[in-house]
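**Q**
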Ligand code: GFB
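In this note's numbering, the protein residues as written are 329 to 628.
1. Could you give the first and the last residue of the continuous beta strand (DSSP E) run that contains residue 446?
2. Using the three-state DSSP reduction, which class does residue 622 fall into: helix, strand or coil?
3. Taking the straight line between their C-alpha atoms, what separation do you get for residue 379 and residue 404?
4. Taking the alpha carbon of residue 553 as the reference point, which residue from 438, 453, 506 and 496 has its own alpha carbon closest?
5. If you follow the alpha helix (DSSP H) that residue 366 is in, where does it begin and where does it stop?
6. With a 10 Å radius around its C-beta and 16 neighbouring C-beta atoms as the bar for buried, classify residue 348 as buried or exposed.
7. Sort 472, 376, 594 and 549 by Cα distance to residue 539 and report the nearest one.
8. Could you check whether the Cβ of residue 381 sits closer than 8 Å to any heavy atom belonging to ligand 1?
9. Just to confirm my understanding: we take residue 561, look at its own chain, exclude 5 residues before and 5 after, and list those with CB closer than 8 Å. What are they?
10. What residues in its chain sit with their C-beta under 8 Å from that of residue 337, if we drop five residues either side in the sequence?
11. Taking all protein chains shown into account, do 16 or more other C-beta atoms lie within 10 angstroms of the C-beta of residue 508, making it buried, or fewer, making it exposed?
12. Please report the straight-line C-alpha distance between residue 578 and residue 513, rounded to a whole angstrom.
13. Report the rounded CA-to-CA distance for residue 544 versus residue 623, giving the unit in angstroms.
14. Opposite residue 503 in the DSSP bridges: which residues?
15. Thinking C-alpha only, which one of 357, 519, 376 and 477 is nearest residue 582?
16. For residue 331, I'd like the list of residues in its chain whose CB is within less than 6 Å of its CB, leaving aside the five on either flank, ordered along the chain.
In structure tokens:
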């Protein structure tokens, strides 16, 4: 989802020589394969959008896999780029790197100030390692390696698996396929911020246009909703009449995750797609993906 959005933005900006590798073409967990890729291609800029991602269900059931795979992806893609002489690299993480009870909105300075949210601790540790490796290589070798931490993303090409997906795509799939009752997790009281993936893509190109970007910048919409409000908004956007039932035995996860985006906004970036508009766009793209048989229902 993120890689495709970035390619759309690069093509729209007139870039032609865009080198992409799918997971099937290049296993980023394999250090030798990643080293050989960089030696062969020697890109001017590397954008690391790859990760094993998932919602609270996927993460909390497999923190070991999320730690191992994302750690290997981060170390291989950043270290081998430096070893191959790639001058600029943009590493993408997530606002789940911040402490569970960080001050809200969460500033970049909150990193590593207290304990992480347990449900996605593995993923968070891997992303923290990746952004730190970028920071160390910039300081030690003068390489322009920097990171963006997006809030919860959604949009075309998302994973609609209702067990492992993130909450927003999962709600779309549930309201589109369950006619009478839609079972939702937790209490609905958790608060989340959402950013359309095309806005993240514009933030990536913006960050790469800066001569001296900060090491770490949050990227978010500044628009937060409770999961309960999100469920009502998705129900309205799909036109569903199903009854919502909450399963409080499932985790809420971190109570709130609004990121402070004053830094990137002060440099000149801002989001364009609000949640209402983004939901309408994403329900339409979901339906088109279902009709075309390309909707992603699981896997990487
Ligand atoms: O996107 P999500 O799964 O993960 O959102 P996080 C979880 C919130 O939505 C919890 C509620 O409060 C859930 O109780 N929820 C309600 C549901 N119904 C559902 C449902 O059917 N499916 C899901 N998935 N949630 C993720 C991290 O945290 O944020 C990832 O685990 C990543 O690593 C991602 O950082 C951006 O927002 O809690």
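Backbone N, C-alpha and C define an ideal beta-carbon position, used for all residues, glycine too. Since the structure is predicted, the reported quantities are computational estimates derived from the model, not experimental observations.
**A** Inspection of the coordinates gives the following:
1. Looking at the DSSP string, residue 446 is not in any beta strand (DSSP E), and its letter there is neither H nor E.
2. coil
3. Answer to the nearest angstrom: the Cα atoms are 12 Å apart.
4. 496
5. Per DSSP, residue 366 is one residue of the alpha helix (DSSP H) stretching across 359–369.
6. exposed
7. 472
8. Yes, the Cβ of residue 381 comes within 8 Å of a heavy atom of ligand 1.
9. 553, 603, 604 and 607
10. Answer for residue 337: 526, 529, 530, 532 and 533, listed in chain order.
11. Its Cβ having fewer than 16 others within 10 Å, residue 508 is exposed.
12. 5 Å
13. If you take the alpha carbons of residue 544 and residue 623, they lie about 33 Å apart.
14. According to DSSP, residue 503 bridges with nothing at all.
15. 519
16. 377
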